[in-house]
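All residue numbers for the sequence shown refer to the working numbering, where the first residue is 4 and numbers rise by one. Glycine included, C-beta positions come from ideal geometry on N, C-alpha and C. Just so we're clear, the structure is a prediction, and the values are computed from it rather than from any experiment.
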Amino acid sequence: MNRTVVVGAGIVGAAIAFELQRRGRSVVLVDRDQPGRGASFGNMASIAVTEFMPISRPTTWLKIPGWLADPEGPIRLRPGYLPKLTPWLLRFLAAGRPSRVAKLEQAGAALCRRVYDDLLPMLEAAGVPDVLSEEGCLSLYASDAEFESDREHIDIIEKFGFHCPALSRDELQEREPAIAPIIKKAILFPQNKSIRDPYRLVLTLVERFREMGGVVETGEVAAIDCQDGAVKSIAFSDGRRIACQEAILAAGAYTGRLSRLIGENIPLETERGYHTQIMAPSISLRHSLIWPAKAFMVTPTAGGIRIGGTVEMAGLDAAPDYRRARVLVGRAKQALPSLQVEQTSEWMGHRPALPDTVPIISCSAKVQGVFYATGHGHLGLTYSATTARLIADLVTGQTPPLDLTPYRVDRF
Ligand SMILES: Cc1cc2nc3c(=O)[nH]c(=O)nc-3n(C[C@H](O)[C@H](O)[C@H](O)COP(=O)(O)OP(=O)(O)OC[C@H]3O[C@@H](n4cnc5c(N)ncnc54)[C@H](O)[C@@H]3O)c2cc1C
């Protein structure tokens, strides 16, 4: 029997397993944990189709020293982690060369343009079309200087055809009365809708996958067995094995550890991010909000208001530092003075981050039958349905709707 194993039951692996099972494959979805407990558990729920810009670019480089010098800045680098991070940082800098940036923007935008073409059918097929919010995202500015410093970002979004109108203070007030008068200007990203409960979406996909005959196994994948250059089985740390013709490695920030099992080196790091979930916020919001100068996001979710963001470079094993989350709550209160911070929970997750920001959606260059779906960084929820569709095309031998060269694993 032709069996496909998908390793990793986050939003990316769950969407792939769901899509492949729908296409008639016999799929086993494996995770060492319960589905959806990784980065996909607590992300900011945004279908952020305008956020395809590579993070490394000359204007970002200029800002990084200031950010790093500020202990409450948007990026934190734990000094002890610097030696391990240096090779990734060098690749990150190289990805920001102007000639490279233009290509990376195109690669990200090509995925973003198709997001709703893939997401809406996936939600429909899973029976949950209503999990998508009606409103988009508002980007907030307290001064003209703040707006000017975000200008490059907006110009690029518009260059790629995304519509993002400016709102007057009155229009903003009408849309979101809870926003403080210190916010003078806003841009609306109507396409950047959000998912009401991203964790529940993973669970729903896994549930539907099971109903179609898909199998879920719990265990830590510790080996990938190959013969004559092709995958034969995956092995768990307790010795159990699952024979397979294809193995899709979609283990989020941990995929680099799996790729090394077959001698394929992926420069995958983790950009750790935090959220605070406020169950009883005393205000309600229709849109998600970002305040670029303060580097946080606020999203109304099924379980209250979620505040999150930040990037912490400290690897996969260091303990969380929840001060990062609390700083963001303090900033959100500047924009939303009536926000009550009661009944809260805090969370940290590992974004799977590649130095050039573009995900890997690719067959392995080393082992036949191995595929990668990783490195989705800040956009794993956004790209999930599109990645599932593209990987399913690769596995089933169908022609993908776009050229997948920019997403290849051997581009580094
Ligand atoms: C604070 C924060 C905010 C974010 N906001 C957004 C947003 O608004 N919009 C957006 O699109 N994205 C957002 N993201 C990014 C998004 O959450 C991630 O890109 C996405 O969740 C990655 O999904 P994944 O399935 O690749 O990884 P994960 O969800 O991390 O899943 C990987 C799975 O692999 C399993 N695994 C790992 N190793 C093994 C092994 N050896 N054997 C078996 N199983 C294994 C893990 O247990 C885990 O369940 C945000 C991230 C963070 C941290």
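Original post:
In the DSSP assignment, what residue or residues form a beta bridge with Ser197?
Top reply: BP columns for Ser197 point to Ser49.
Subject >> Collapsed DSSP secondary structure at Ala20 in the structure displayed >> reply: Secondary structure of Ala20 (DSSP, three-state): helix.
Subject >> Element boundaries [alpha helix (DSSP H), containing His156] >> reply: His156 -> alpha helix (DSSP H) spans 154-162.
Subject >> Per DSSP, cross-strand counterpart(s) of Gly311 >> reply: Bridge partners of Gly311 according to DSSP: His278, Met300.
Original post:
Per DSSP, Glu174 is paired with what?
Top reply: DSSP, once it has assigned bridges, lists no residue as partnering Glu174.
Original post:
Within 7 Å: the Cβ of Glu223 and any heavy atom of ligand 1?
Top reply: Between ligand 1 and the CB of Glu223, the shortest heavy atom gap is smaller than 7 Å.
Original post:
Can we count Met125 as close to ligand 1, meaning its CB is less than 7 Å from some heavy atom?
Top reply: Checking the Cβ of Met125 against ligand 1 gives no.
Subject >> Identity of the residues DSSP links to Lys188 by a beta bridge >> reply: For Lys188, which the question treats as bridged, DSSP gives the partners Tyr144.
Original post:
Would DSSP call Glu179 helix, strand or coil?
Top reply: Of the three classes helix, strand and coil, the one that applies to Glu179 here is coil, per DSSP.
Original post:
Quick one, are the C-beta atoms of Ile245 and Glu223 less than 8 Å apart?
Top reply: Contact: no.
Original post:
If you scan the region 337-393 from start to end, which runs of the beta strand (DSSP E) of 3 or more residues do you find wholly inside it?
Top reply: DSSP runs (the beta strand (DSSP E)) wholly in the region 337-393: 347-356, 363-366, 373-377.
**OP:** Might you give, ordered along the chain, the residues of its own chain that have their beta carbon closer than 7 Å to the beta carbon of Val412, omitting 5 neighbours on each side?
**Re:** Shown here for Val412: same chain residues with a beta carbon closer than 7 Å to its own, the five before and five after excluded, namely Glu267, Ile269, Ile363, Ser365, Ser367, Ala368, Tyr375 in chain order.
Subject >> Helix, strand or coil at Asp413 [DSSP, three-state] >> reply: In this structure, Asp413 counts as helix in the three-state DSSP scheme.
Subject >> Closer than 7 Å: Thr360 CB and nearest ligand 1 heavy atom >> reply: No, the Cβ of Thr360 stays beyond 7 Å of every heavy atom of ligand 1.
**OP:** Write down the C-beta distance between Ala183 and Pro284 rounded to the nearest angstrom, noting that I regard them as a contact closer than 8 Å.
**Re:** Actually they are not in contact, since the Cβ atoms of Ala183 and Pro284 sit about 15 Å apart, beyond 8 Å.
Original post:
Is there at least one non-hydrogen atom of ligand 1 closer than 7 Å to the beta-carbon of Thr385?
Top reply: Yes, ligand 1 has a heavy atom inside 7 Å of this Cβ.
Subject >> Contact with chain B by Leu264, beta-carbon distance below 8 Å >> reply: Judged by its chain identifiers, the structure shown contains no chain B, having just a single protein chain.
**OP:** Would you decide whether Leu319 is buried or exposed? Buried here means 16 or more other CB atoms lie within 10 Å of its CB.
**Re:** So Leu319 ends up on the exposed side.
**OP:** Report the option in Thr313, Ala391, Asp359 whose CA atom is closest to the CA atom of Met47.
**Re:** Residue Thr313 is the option with its Cα nearest to Met47.
Original post:
Comparing the CB of Pro82 with every heavy atom of ligand 1, is any distance shorter than 7 Å?
Top reply: Answer for Pro82: no, Cβ out of range of ligand 1.
Subject >> Beta-carbon separation (whole angstroms), Ala1 vs Leu264, contact threshold 8 Å >> reply: What is shown of the chain runs 4 to 415, which leaves residue 1 out entirely.
**OP:** For Gln343, collect the residues of the same chain with a Cβ closer than 7 Å to its Cβ; drop the 5 residues on either side in sequence, then sort them by chain order.
**Re:** So the list reads Ala283, Pro284, Ser285, once near-sequence residues are dropped.
Original post:
Exposed or buried, His166, counting other C-beta atoms within 10 Å across all chains shown (16 or more means buried)?
Top reply: By the Cβ neighbour-count rule, His166 is exposed, with fewer than 16 other Cβ atoms within 10 Å of its own.
Original post:
Given that a residue counts as buried once 16 or more other Cβ atoms are within 10 Å of its Cβ, and exposed if not, what is Asp34?
Top reply: With at least 16 other beta carbons inside 10 angstroms of its own, Asp34 counts as buried.
**OP:** Keeping to the same chain, check which residues put their C-beta closer than 6 Å to that of Ala388; ignore five residues upstream and five downstream.
**Re:** Ala18, Asp121, Leu122, Met125, listed in sequence order.
**OP:** Give a yes or no on whether the C-beta atoms belonging to Gly383 and Ser43 are separated by under 8 Å.
**Re:** The Cβ-Cβ distance between Gly383 and Ser43 falls below 8 Å.
Subject >> Spatial neighbours of Ala226 in its chain, beta-carbon cut-off 8 Å, leaving aside the 5 residues before and after >> reply: Cβ within range, chain order: Ile237, Ala238, Leu264.
Original post:
Which residue from Gln248, Ser152, Thr347, Ile198 puts its Cα closest to that of Leu65?
Top reply: Taking only the C-alpha atoms, the option nearest Leu65 is Ser152.
**OP:** Using 7 Å as the cut-off, classify the Cβ of Ser262 as near or not near the heavy atoms of ligand 1, replying yes or no.
**Re:** Every heavy atom of ligand 1 is 7 Å or more from the Cβ of Ser262, so no.
Original post:
Which value, in whole angstroms, describes the spacing of the CA atoms of Arg79 and Arg6?
Top reply: For the pair Arg79 and Arg6, the Cα-to-Cα distance works out to about 43 Å.
Subject >> Per DSSP, the bridge partner or partners of Gln230 >> reply: The beta-bridge partner set that DSSP reports for Gln230 consists of Ala233.
Subject >> Chain-order list of residues whose beta-carbon lies under 8 Å from that of Arg26 (same chain, five-residue window excluded) >> reply: These residues qualify, in order along the chain: Ala395, Thr399.
**OP:** Count the other CB atoms, across all protein chains shown, that sit within 10 Å of the CB of Pro358; report buried if there are 16 or more and exposed otherwise.
**Re:** Pro358 counts as buried, since at least 16 other C-beta atoms from the protein chains shown sit within 10 angstroms of its C-beta.
Original post:
Taking the DSSP output, what are the residues bridged to Ala246?
Top reply: Beta-bridge pairing links Ala246 to Ser236.
**OP:** For the beta strand (DSSP E) containing Asp34, list its first residue and its last residue.
**Re:** Here the beta strand (DSSP E) through Asp34 covers 29-34.
**OP:** Spell out a yes or no on whether the region 286-300 and the region 323-342 are touching, meaning 3 or more CB-CB pairs, one atom from each, closer than 8 Å.
**Re:** Segments in contact, yes.
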